[in-house]
Structure formats: C-alpha cells, structure tokens
Amino acid sequence: MSNVRKDKQKFKSKPPEKLERDWVGPPEKDSNMRQIQFHIPDSETALQKKFRMLRQDTLDFNNKFWTKHNDDFFREKELFVKTKLAEKKVVSDITDKDVPSKLTPEEMSMFYRQFLNENFRKNVKYNGEWYKRNFSLFALSLRVFLERMKFELLNKVKK
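Okay, so the sequence shown: first residue is 2 according to our numbering, each after it adds one.
This is the structure we're talking about:
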C-alpha cells in the first residue's frame with residue numbers, strides 16, 4: 002500500500018525496555034492512531050489478560066481500518082485534484098502559467114462529499130463494530146474492577 006502523503010512526519014519513538022504502566026506514544030504515520038504498548042503485570046490474572054488482549058485486538062482493528070481509510074482518502078484526493086486541474090486546463094485553453102495550481106475550497110467540498118457518500122456503508126459497518134467492541138471492553142473492564150476489589154477486600158480481611 003503506497004502512502005501518498007509525503008509531508009507526514011515520521012516518528013521513531015519506542016516504548017521503554019521495561020514498562021511499569023501502559024505506554025502511549027505518538028500517532029502512527031498511516032492511521033494517525035496513537036501507539037499503545039500495554040503493561041503486563043507480574044500477577045496478571047486470566048481475566049486481566051483477556052481484557053488486555055481485547056484492548057490490543059481493538060487497537061489493531063482501529064489501526065487497520067484507519068490506515069486503509071486514510072490511504073484510500075489521500076489516493077482518491079490526489080486523483081480528484083489532478084483530474085479537475087487537467088479539466089480546467091483543457092476547458093480554459095490557457096497557458097500553463099494561467100492555470101491554477103490548486104482547487105478552491107468549494108471544488109474540494111465536492112470531493113469530500115463524494116468520498117463520504119462512497120464510503121458511507123463502510124463507515125456505518127466500522128461504527129457498529131467499534132460500538133460492539135467498546136461495549137465488550139466496558140463490560141470486561143467492570144469485571145476486572147470487581148475482581149480487583151474482591152482481592153483487595155480479601156487482603157484487608159486477612160490482615
């Protein structure tokens with residue numbers, strides 16, 4: 002997959018060798034999603050591991066969707082701009098120096114509307130999956146919280 006966005010900054014940030022908590026890094030260059038490295042505690046329970054793995058899976062899902070979406074967007078935008086500028090040159094039959102080098106905001110709004118309309122079903126499907134995953138994460142996080150509270154109460158009772 003080629004990246005048409007040549008102006009994007011490339012980040013080389015990496016998480017520390019030993020994580021003591023979750024590490025949130027800079028946005029990835031293709032998806033614009035923040036990099037996250039999840040801390041794995043020594044005493045991680047099966048439920049906590051399940052929660053961490055679901056979080057990672059959801060992060061990967063989002064990253065994959067937005068990488069493809071952004072790649073499609075910039076590729077189609079570049080094609081749209083080139084086509085419209087070529088049309089302007091042919092229609093006006095003027096010299097190269099008189100042809101505008103970029104499109105107006107009104108002209109670009111046609112592209113944005115077209116892109117959103119063409120990708121409407123994909124976005125609805127993504128949103129549905131996103132809500133489903135986040136609800137599952139919420140339910141699982143509640144179970145992890147209750148598990149922690151149970152362990153804390155048991156430790157207090159033992160003391």
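For every residue, glycine included, the Cβ atom is placed at its ideal position computed from N, Cα and C.
### Message
Assuming Pro28 is part of the beta strand (DSSP E), what are its boundary residues?
### Response
Here residue 28 refers to the residue found at position 27 when the sequence shown is read from its first residue. Per DSSP, Pro28 belongs to the beta strand (DSSP E) from Trp24 to Pro28.
### Query
So is Phe52 buried or exposed if we call it buried at 16+ other beta carbons inside 10 Å?
To locate residue 52, count along the sequence shown from 1; it is residue 51. Buried.
### Query
Quick one: is Asn71 buried, meaning 16 or more other Cβ sit within 10 Å of its Cβ, or exposed?
Residue numbering aside, residue 71 sits at position 70 when the sequence shown is read from its first letter. When all chains shown are included, Asn71 counts as buried.
### Task
Confirm, please, whether the CB-CB distance from Glu108 to Lys85 is below 8 Å.
For the purposes of this step, residue 85 is taken as residue 84 along the sequence shown, with counting starting at 1. For the purposes of this step, residue 108 is taken as residue 107 along the sequence shown, with counting starting at 1. Yes, these two residues count as a Cβ contact at 8 Å.
### Query
Asn156 lies in the alpha helix (DSSP H); which residues open and close that run?
On the sequence shown, residue 156 is found 155 positions in, with the first residue counted as 1. Its alpha helix (DSSP H) spans residues Phe121 to Lys159.
### Message
Taking 8 Å as the cut-off, does the region 64-83 touch the region 40-52 (at least 3 CB pairs, one atom from each stretch)?
### Response
no
### Message
Within 10 Å of its beta-carbon, does Ser3 have 16 or more other beta-carbons around it, so buried, or fewer, so exposed?
### Response
For this step, residue 3 is matched to residue 2 along the sequence shown. Interpretation of Ser3 is limited by its pLDDT of 45, a score under 50 that renders its predicted location unreliable; the figure taken from the coordinates is listed afterwards. Per the 10 Å Cβ criterion, exposed.
### Contact set for Asn63: own chain, Cβ-Cβ below 8 Å, skip 5 residues either direction
The count along the sequence shown starts at 1 and reaches residue 63 at position 62. Taken in chain order, the residues that qualify are Ser32, Met34 and Trp131.
### In DSSP terms, what Ile37 is bridged to
What you label residue 37 is simply residue 36 of the sequence shown in a count that begins at 1. Bridge partners of Ile37: Val25.
### Query
Between the C-alpha atoms of Ala87 and Phe112, what's the straight-line distance to the nearest angstrom?
Counting from 1 along the sequence shown, the entry for residue 87 is found at position 86. Counting from 1 along the sequence shown, the entry for residue 112 is found at position 111. Their Cα atoms are separated by approximately 15 Å.
### Task
Out of Met150, Arg134, Lys157 and Lys30, state which residue places its alpha-carbon closest to the alpha-carbon of Leu60.
The residue given as residue 60 occupies position 59 in the sequence shown. Considering only alpha carbons, the answer is Arg134.
#### Entry: Reduced DSSP secondary structure (H/G/I, E/B, other) of Glu18
Position 17 of the sequence shown, counting from 1, holds the residue named residue 18. Of the three classes helix, strand and coil, the one that applies to Glu18 here is coil, per DSSP.
### Task
Label Phe12 either buried or exposed according to how many other C-beta atoms from any shown protein chain fall within 10 Å of its C-beta, with 16 as the threshold for buried.
By one-based count along the sequence shown, residue 12 stands at place 11. With a pLDDT of 46 at Phe12, under the threshold of 50, the predicted position of this residue should be treated as unreliable, though the coordinate-derived value follows. Exposed, by the Cβ-count rule.
### Query
So what does DSSP say about Thr59, is it helix, strand or coil?
Working through the sequence shown from its first residue, we reach residue 59 at position 58. In this structure, Thr59 counts as helix in the three-state DSSP scheme.
### Task
Output yes or no for whether 8 Å exceeds the beta carbon distance between Arg232 and His40.
This structure cannot settle anything about residue 232, because the visible part of the chain is limited to 2 through 160.
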